[in-house]
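If you're matching them up, the sequences are chains F and V in order.
Counting from 1, position 205 in the first sequence corresponds to residue 205 in full-length UniProt numbering; the numbering is continuous, with no gaps.
Counting from 1, position 65 in the second sequence corresponds to residue 65 in full-length UniProt numbering; the numbering is continuous, with no gaps.
Everything below concerns the one structure shown next.
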Amino acid sequence: MAAKRRKEMPEEARSPPEGRASPFPDEVLEHVLVFVKSHKDRSAVSLVCKEWYTAERWSRTHVFIGNCYSVSPEILVRRFPNIRSVTLKGKPRFSDFNLVPPNWGADIHPWLVAFASAYPFLEELRLKRMTVTDESLDFLAQSFPGFKALSLVSCDGFSTEGLASIASYCRNLTELDIQENGIEDLSGSWLNCFPEGFTSLEVLNFANLGTEVNFDALERLVGSCKSLRVLKLNKNVSLEQLQRLLVRAPNLRELGTGSFSQEYSPRVYAEVENVLDTVEDKGLEAVGSSCHLLEELRVFPADPFDQDINLDEGISGVTEAGFIAVSEGCRNLHYVLYFCRQMTNAAVAAVVRNCPNFTHFRLCIMNPRQPDYVTREPMDDAFGSVVKSCTQLQRLAVSGLLTDKTFEYIGTYAKNLETLSVAFAGRSDRGMQYVMEGCPKLRKLEIRDCPFGNAALLSGLERYESMRSLWMSACNVTMNACQLLAREMPRLNVEVIKEDESDDIQAEKVLRFLESWLPISCQICYIDCGF
Amino acid sequence: MIRQGDSPSSSIDSSGHPCPSSTSSVSRPTKKDLSTDLRLGIISRTISSASSGSRYDSSSSAAIREHRSDWPPIKPLLRSTLTGKGARPLQATFFVKVYMEGIPIGRKVDLFAHQGYDELIRTLRRMFRTTNIICPDVAQVSSNKAHVLTYEDKEGDWMMVGDVPWEMFLTSVKRLKITRADKC
């Protein structure tokens with residue numbers, strides 16, 4: 001179906017040729033804008049002038065909403081009439097760690113209702129940290145006849161029944177991507193629901209589903225979908241079954257079996273490595289000596305709850321030695337997520353000397369407030385060296401014993417920083433103030449268990465409108481400050497989640513003002529009063 | 001804000017079925033017993049969402065530091081995979097009793113959740129808060145404070161743990177006992 005045209009626009013919205021900013025007709029501009037894909041570029045285009053704003057809104061087919069509470073479905077459909085693909089993110093990231101109460105929100109259903117009426121030809125929906133029920137999935141499956149791609153990452157609220165609806169009704173489905181969701185596995189029979197003659201699937205990912213799936217149905221599906229190029233299965237598929245599937249999937253390019261790599265297996269061409277820390281420092285040395293092209297490394301703790309008991313055999317897992325070893329061999333590293341039980345300032349400094357190109361640096365020293373285990377000093381200098389060396393740093397997660405000095409370093413040097421995660425750190429309001437004053441590109445700030453209070457919160461007043469979200473929990477912020485913030489910045493969505501006397505947690509919306517004319521990427525503050 | 005009716009938040013839970021405390025939509029954990037809580041100065045929040053399963057690990061006791069559901073920052077699905085408690089509800093378990101000499105109350109340990117003797121020793125050291133449990137194949141300086149891990153086999157005999165391959169051990173073990181070395 002052709003996109004809605006602008007003929008219905010009122011006369012006064014079309015400027016006379018003499019007064020226009022651009023020398024060519026709007027329709028030409030729209031055709032050019034089709035090639036502008038990135039949502040950041042499109043936002044920039046929309047701000048140039050009224051003609052460009054109008055051309056942009058008519059030609060946009062994909063919309064990205066980083067925070068579902070920054071804009072309402074009604075505003076969205078009013079501004080963009082021709083959307084085919086929507087990406088929506090809901091809950092704050094800390095909900096992954098049980099810091100957000102259940103039934104908090106981020107329900108997809110009101111969006112689906114608005115889309116069913118405004119975008120009947122919707123093709124793609126990509127959701128992250130949203131609540132999606134089986135009823136919603138059923139509604140989705142039956143409301144959009146041309147629906148093609150569904151991606152659900154870290155969502156909750158649905159079961160395999162919902163997947164059965166998608167399989168049954170989405171005749172043109174090309175992509176079904178179910179990742180890391182908290183869902184109920186009622187049975188594996190949802191795969192049977194793809195109808196006879198269904199051939200369009202190209203991407204299938206159900207690596208996180210726990211139960212057995214009906215293998216015959218899977219085999220049949222793979223056999224009929226000749227364009228299948230990505231297949232990610234869960235652990236319940238045996239090697240022999242895998243072979244049977246591979247034979248039937250000639251166009252397969254990516255295959256996954258959802259299992260976690262338990263042994264280090266140096267793969268010379270590996271670019272992304274996820275390992276358990278049972279590989280220990282020796283394993284990381286092996287990675288360092290053979291995977292010179294490695295770009296991303298994630299080291300997870302095999303035993304996250306092994307507490308600080310002195311064991312005769314010493315610290316288990318990985319240490320600073322392993323970190324240094326990897327950095328010496330893998331100079332292309334730009335992404336690291338490293339869980340460890342001990343670290344030193346000197347080691348981190350050495351790592352970033354070896355690898356100055358980090359864009360994502362996430363270090364988690366698992367014992368909160370742990371100092372440099374050799375010098376017993378705070379870990380301030382470690383992160384100081386990170387932000388000084390890694391000028392392209394976009395994402396940083398800090399840990400260990402940290403004073404305000406760390407944040408002074410961050411505010412002074414981390415000029416490209418967009419995401420910052422802080423836990424059990426800092427000494428005073430100054431810490432957070434350094435960051436709010438010094439990081440112009442900051443978009444997401446999440447803070448827990450830090451001594452930052454009202455002065456810190458309010459120091460960011462000017463900044464919040466350009467950010468996506470702020471999370472503060474178990475800090476020293478009071479209700480008064482939240483109310484003041486909400487009053488001073490009426491375009492913010494300020495939410496307070498507070499415990500009452502009976503330990504029940506209620507989401508209490510303190511003040512909520514949603515301007516009707518918001519730029520499409522606005523921000524929200526979630527502020528959890530620590531009292 | 002429109003809220004859907006409470007659908008049961010899914011539970012990827014270590015025991016494979018929803019814990020009693022998490023089935024109700026207004027469930028909250030009981031207030032923590034602060035006196036036994038070793039918190040290292042952490043201000044802990046007693047938020048337990050149904051989707052995380054029980055906030056307290058089923059084998060934890062007051063003597064063992066609580067397993068926080070919100071630290072370290074690892075997603076629940078990954079967390080349950082890493083701690084060896086799979087998300088699959090049908091995973092088999094093999095619990096045996098473990099007694100330490102001198103302590104009248106025993107513990108239970110799931111042998112199927114361990115890949116070998118090393119892991120078992122580590123778990124037992126944590127459970128009984130001692131580093132001094134030894135197996136014959138682990139080199140140890142013997143001291144009269146060392147504890148020796150033994151097991152009762154199908155024939156009723158008490159044997160040292162570690163002599164036979166792990167898989168063979170699993171087929172013959174009935175229960176475990178941690179004795180003092182000088183009494184062996």
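Yeah, the Cβ is synthetic: ideal placement off N, Cα and C, and Gly gets one too.
Proximity winner among the options, relative to residue i (alpha-carbon distances)
i: Trp104 of chain F; options: F:Cys49, F:Val132, F:Asn332; result: F:Val132
i: Ser38 of chain F; options: F:Gly322, F:Ala106, F:Val63, F:Asn67; result: F:Val63
i: Glu418 of chain F; options: F:Val435, F:Asp404, F:Lys405; result: F:Val435
i: Val148 of chain V; options: V:Leu170, V:Glu101, V:Val173; result: V:Glu101
i: Pro72 of chain V; options: F:Ala397, F:Thr412, F:Val28, F:Tyr335; result: F:Ala397
i: Asn205 of chain F; options: F:Gly197, F:Leu228, F:Glu196; result: F:Leu228
i: Arg175 of chain V; options: V:Gly156, V:Met168, V:Glu152; result: V:Glu152
i: Phe115 of chain F; options: F:Leu76, F:Thr257, F:Ile447; result: F:Leu76
i: Leu78 of chain V; options: F:Glu254, F:Asn82, F:Leu276, F:Lys441; result: F:Leu276
i: Gly223 of chain F; options: F:Leu242, F:Thr344, F:Asn208; result: F:Leu242
i: Asp156 of chain F; options: F:Ala141, F:Glu135, F:Arg171, F:Ala149; result: F:Glu135
i: Val203 of chain F; options: F:Gly411, F:Ser168, F:Leu252; result: F:Leu252
i: His31 of chain F; options: F:Thr406, F:Met479, F:Thr61; result: F:Thr61
i: Ser72 of chain F; options: F:Val422, F:Pro110, F:Asp281; result: F:Pro110
i: Gly426 of chain F; options: F:Pro195, F:Tyr409, F:Lys441, F:Val28; result: F:Tyr409
i: Arg248 of chain F; options: F:Leu231, F:Glu437, F:Leu470, F:Thr257; result: F:Leu231
i: Gly283 of chain F; options: F:Leu457, F:Ile447, F:Ala325; result: F:Ala325
i: Val213 of chain F; options: F:Ser189, F:Phe194, F:Thr359, F:Ser165; result: F:Ser189
i: Ala455 of chain F; options: F:Asn476, F:Phe194, F:Asp41; result: F:Asn476
i: Leu337 of chain F; options: V:Asp70, V:Ser69, V:Ile74; result: V:Ile74
Any chain A beta carbon closer than 8 Å to residue i
i: Met379 of chain F; result: The chain inventory of the structure shown lacks chain A, comprising the protein chains F and V.
Classification of residue i by the beta-carbon crowding that lies within 10 angstroms, buried from 16 upward
i: Trp158 of chain V; result: exposed
i: Pro101 of chain F; result: buried
i: Arg487 of chain F; result: exposed
i: Asp163 of chain V; result: exposed
i: His114 of chain V; result: buried
i: Pro250 of chain F; result: exposed
i: Arg57 of chain F; result: buried
i: Gly156 of chain V; result: exposed
i: Glu501 of chain F; result: Reliability of the predicted coordinates at Glu501 of chain F is poor, the pLDDT of 36 falling under 50, and the value obtained from them is presented with this limitation in mind. Per the 10 Å Cβ criterion, exposed.
i: Gln433 of chain F; result: buried
i: Thr375 of chain F; result: exposed
i: Pro378 of chain F; result: buried
i: Lys154 of chain V; result: exposed
i: residue 537 of chain F; result: Chain F is shown only over 1 to 531; residue 537 of chain F falls outside these bounds and no answer can be derived.
i: Pro20 of chain V; result: With a pLDDT of 33 at Pro20 of chain V, under the threshold of 50, the modelled position of that residue is not reliable, and no figure is offered here.
i: Asn67 of chain F; result: buried
i: Asn274 of chain F; result: exposed
i: Leu246 of chain F; result: exposed
Contact with chain V by residue i, beta-carbon distance below 8 Å
i: Pro301 of chain F; result: yes
i: Phe97 of chain F; result: yes
i: Glu180 of chain F; result: yes
i: Met489 of chain F; result: no
i: Met366 of chain F; result: yes
Any C-beta of chain F under 8 Å from that of residue i
i: Lys75 of chain V; result: yes
i: Leu111 of chain V; result: no
i: Leu78 of chain V; result: yes
i: Ile70 of chain V; result: As written in the sequence, residue 70 of chain V is Asp, which differs from the Ile given in the question. Yes, Asp70 of chain V counts as interfacial toward chain F.
Expected contact under 8 Å - CB spacing of residue i and residue j to nearest Å
i: Leu445 of chain F; j: Leu420 of chain F; result: 5 Å
i: Val86 of chain F; j: Leu125 of chain F; result: 6 Å
i: Leu112 of chain F; j: Ser159 of chain F; result: Not really, about 17 Å apart at Cβ, beyond 8 Å.
i: Val299 of chain F; j: Phe339 of chain F; result: 6 Å
i: Asn332 of chain F; j: Glu295 of chain F; result: 5 Å
i: residue 568 of chain F; j: Cys225 of chain F; result: Given that chain F is displayed from residue 1 to residue 531, the structure contains no residue 568 of chain F and the question cannot be resolved.
i: Cys364 of chain F; j: Ser399 of chain F; result: 5 Å
Quick one, which residues of the region 333-353 of chain F are near chain V if we go by CB-CB under 7 Å, in chain order?
Listed by position along the chain: Phe339.
Residues of the region 450-480 of chain F whose Cβ lies closer than 9 Å to any Cβ of chain V, in chain order
Those residues of the region 450-480 of chain F that come within reach of chain V (Cβ to Cβ, closer than 9 Å) are Ser473, Ala474.
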